[in-house]
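*Asks:* Got a structure for you, questions after.
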Amino acid sequence: MRLKNAIKLIFANFGVTFKVLLYKLIIFAVLVAVGILVLLPNFRSLIEASSLDKLVVTLGDLLKAIFVPDMVFAEEQAAFASYLTEFTEYLRGNVGKIAGLGGAIAAFYFVGMFFNNIADFAVGQVVNDYMSSLTETGFTVGIFKNLGRASLYSLIDVGVSLIFMLAAVSVCLFIIWVNPVGIVTMFFAVLVFVVLISLKQVFMSDFMPNILADRKAPGKAFRESVKVPRKDFIRKFNNYISINIIMLYVNVTAGFFTVMLGLLLTFPMTTLILVCFRFVSQYTTSGKKYYLAPEEIVRPRQMAEEEEEDILKKIDEE
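In terms of numbering that gives the first Met the number 0, the sequence shown has 13 at position 14, counting the first letter as 1, and numbering is strictly consecutive.
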């Protein structure tokens, strides 16, 4: 029910999608421009020495072989496994250099994440205003309306994301290191990544809604968010796993079959569905009613039962 209601909210707030896209494209363009000046020379030498470019090409051919009958899958898998072995051997022999470059890339990534979270917070403001009172708040207004709280939220979220991201990447690299064999390795690496990211989303699910919907300070909102009851944990985890797998499929498919053009729609849609689910989940567990549409109000079961009891009392009194 929560996921279903979150999907309904997407259509009610669909206008914010392309504003989110424009914002994120600008941030991405700035980071890429700076990254080219700072990191490109070092990254170019790494690509040439590690056969990373050939690894990426063979990975594309391997994925293409799944859908193209004329290509021999076993040959493409063997080529991919060969270059993957070369790449892992290069990593083993150049750990210090890779770590330094990885740290610089991580810094750029988390700067991007900080500004990305500002956009997510603005989307949360738009969604919360609609759910609570059918108020249509502009995306730009949402950015500047709570910029201070949005910055604190973003810093905390980036810190937590760093922990889970390092864990996810480390486990995935370990799997590839131990058994660099094509599809099986890729399956388990992606599975571990999705599971760990979903765990992070469960613990951070109520963080933003606690700030915007309940007007709590970021520190208190975070502490209450990570205290997830067992039943609610299982429900949220199942939903986040489903959302992440579906959106991973949608993004990969859109990118592959539309030559990356479809990502202009699916990336901001991913942001929107995750934010909508966070607010639907928090409103539900908090027992608050909310709007899905002007003519559709969702009342939690407890509230509906209380309203029914009030009606019966009034009838008895009359």
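Glycine included, each C-beta is placed from N, C-alpha and C at the ideal position.
Grouping DSSP H, G and I as helix and E and B as strand, with all else coil, what is L291?
*Replies:* Taking the sequence shown and counting its residues from 1, one reaches residue 291 at position 292. L291: strand per DSSP, three-state reduction.
*Asks:* Kindly indicate the opening and closing residues of the alpha helix (DSSP H) around G261.
*Replies:* Position 262 of the sequence shown holds residue 261. Where G261 is concerned, there is no enclosing alpha helix (DSSP H), given that its DSSP letter is neither H nor E.
*Asks:* Taking the C-alpha atoms as reference points, what is the distance between D60 and A77?
*Replies:* In the sequence shown, residue 60 corresponds to position 61, counting from 1. In the sequence shown, residue 77 corresponds to position 78, counting from 1. Looking at the two C-alpha atoms, the distance is approximately 11 Å.
*Asks:* By DSSP, does V71 sit in helix, in strand, or in coil?
*Replies:* Sequence index remark: in the sequence shown, residue 71 carries index 72 (1-based). Residue state, collapsed to three classes: coil.
*Asks:* Who are the Cβ neighbours of F10 in its own chain at under 8 Å, not counting the five residues just before and after it?
*Replies:* Start at 1 with the first residue of the sequence shown, and residue 10 comes out as number 11. There are no such residues.
*Asks:* If I measure Cβ to Cβ from L8 and keep anything under 8 Å in the same chain, skipping five residues before and after, which residues do I get?
*Replies:* Here residue 8 refers to the residue found at position 9 when the sequence shown is read from its first residue. Once the five neighbours on either side are set aside, the close Cβ partners of L8 are V126, Y129, M130, C275, F278, V279 and L291.
*Asks:* So, for I6: in the same chain, excluding its five sequence neighbours on each side, which residues have a beta-carbon less than 8 Å away from its beta-carbon?
*Replies:* Along the sequence shown, read from residue 1 onward, the residue named residue 6 stands at position 7. So the qualifying residues of the chain are I272 and C275.
*Asks:* In the DSSP assignment, find the alpha helix (DSSP H) that holds L133 and state where it starts and stops.
*Replies:* Counted from its first residue, the sequence shown places residue 133 at position 134. Here L133 belongs to no alpha helix (DSSP H), and DSSP marks it neither H nor E.
*Asks:* State the DSSP-derived secondary structure class of V225, mapped to helix, strand or coil.
*Replies:* Position 226 of the sequence shown, counted from the first residue, corresponds to residue 225. Three-state DSSP puts V225 in coil, outside helix and strand.
*Asks:* Between the Cα of E75 and the Cα atoms of T84, F86 and K63, which residue gives the shortest distance?
*Replies:* The count along the sequence shown starts at 1 and reaches residue 75 at position 76. Closest option to E75, Cα to Cα, is K63.
*Asks:* Pair every Cβ in the segment 108-115 with every Cβ in the segment 80-93, then say whether three or more of these pairs are closer than 8 Å.
*Replies:* No contact exists between the segment 108-115 and the segment 80-93.
*Asks:* In angstroms, rounded to a whole number, what distance separates the CA positions of V15 and P293?
*Replies:* As a working mapping, residue 15 is identified with position 16 in the sequence shown. As a working mapping, residue 293 is identified with position 294 in the sequence shown. Approximately 18 Å, taken between the alpha carbons.
*Asks:* Please check the pair L211 and G123, which I expect to be a contact at CB under 8 Å, by giving their CB distance rounded to whole angstroms.
*Replies:* The residue labelled residue 211 in the question sits at position 212 within the sequence shown. The residue labelled residue 123 in the question sits at position 124 within the sequence shown. Indeed, because the Cβ distance is near 5 Å, the residues count as touching under 8 Å.
*Asks:* Would you please state the rounded distance, in angstroms, between the beta carbons of F138 and A121? I believe it to be under 8 Å.
*Replies:* By one-based count along the sequence shown, residue 138 stands at place 139. By one-based count along the sequence shown, residue 121 stands at place 122. 6 Å between Cβ atoms; contact.
*Asks:* Is the beta carbon of V157 less than 8 Å from the beta carbon of N116?
*Replies:* For this step, residue 157 is matched to residue 158 along the sequence shown. For this step, residue 116 is matched to residue 117 along the sequence shown. Yes, the Cβ-Cβ distance between V157 and N116 is below 8 Å.
*Asks:* Can you give me the start and stop residues for the alpha helix (DSSP H) that G14 sits inside?
*Replies:* As a working note, residue 14 is residue 15 in the sequence shown. Per DSSP, G14 belongs to no alpha helix (DSSP H) and is neither H nor E.
*Asks:* If you drop the 5 nearest sequence neighbours on each side, which residues of the same chain put their C-beta closer than 7 Å to that of L133?
*Replies:* Against the sequence shown, residue 133 aligns to sequence position 134. These residues qualify, in order along the chain: Y290 and P293.
*Asks:* Say whether the segment 231-246 touches the segment 191-202, bearing in mind that this needs 3 or more beta-carbon pairs closer than 8 Å, one atom from each stretch.
*Replies:* Touching, per the Cβ criterion.
*Asks:* Identify the continuous alpha helix (DSSP H) that holds D213 and give its terminal residues.
*Replies:* Looking up residue 213 in the sequence shown gives position 214. Note, D213: premise wrong, no alpha helix (DSSP H); not H, not E.
*Asks:* What does the alpha-carbon distance come out to for the pair V258 and P40?
*Replies:* On the sequence shown, residue 258 is found 259 positions in, with the first residue counted as 1. On the sequence shown, residue 40 is found 41 positions in, with the first residue counted as 1. So the alpha carbons of these two residues sit roughly 27 Å apart.
*Asks:* Nearest-angstrom Cα distance between I245 and L154?
*Replies:* Along the sequence shown, read from residue 1 onward, the residue named residue 245 stands at position 246. Along the sequence shown, read from residue 1 onward, the residue named residue 154 stands at position 155. So the alpha carbons of these two residues sit roughly 28 Å apart.
*Asks:* Excluding sequence positions up to five away, which residues of its chain have a Cβ less than 6 Å from the Cβ of P267?
*Replies:* As a position in the sequence shown, residue 267 is number 268, starting the count at 1. Same-chain partners within the cutoff: T16, V19 and L20.
*Asks:* Is P217 buried or exposed, if buried means 16 or more other CB atoms sit within 10 Å of its CB?
*Replies:* Translated into positions along the sequence shown, residue 217 becomes position 218. That one is buried.
*Asks:* Taking the continuous alpha helix (DSSP H) assigned at G59, which residues delimit it?
*Replies:* Counting from one through the sequence shown, the residue named residue 59 turns up at place 60. Note, G59: alpha helix (DSSP H), L51 to F66.
*Asks:* In the DSSP assignment, find the unbroken alpha helix (DSSP H) run with G141 in it and report its ends.
*Replies:* Taking the sequence shown and counting its residues from 1, one reaches residue 141 at position 142. Counting along the chain, the alpha helix (DSSP H) containing G141 begins and ends at F138 to K144.
*Asks:* Using only the alpha-carbon positions, how far apart do K3 and L90 sit?
*Replies:* In the sequence shown, the residue the question calls residue 3 occupies position 4. In the sequence shown, the residue the question calls residue 90 occupies position 91. Computed Cα separation, rounded: 44 Å.
*Asks:* Answer with buried or exposed for R222, where buried requires no fewer than 16 other C-beta atoms within 10 angstroms of its C-beta.
*Replies:* Here residue 222 refers to the residue found at position 223 of the sequence shown. That one is exposed.
*Asks:* Tell me V297's beta-bridge partners as DSSP assigns them.
*Replies:* In the sequence shown, residue 297 corresponds to position 298, counting from 1. In DSSP, V297 forms a bridge with Y289.
*Asks:* In angstroms, rounded to a whole number, what distance separates the CA positions of V67 and V189?
*Replies:* The residue you call residue 67 lines up with position 68 of the sequence shown. The residue you call residue 189 lines up with position 190 of the sequence shown. Their Cα atoms are separated by approximately 23 Å.
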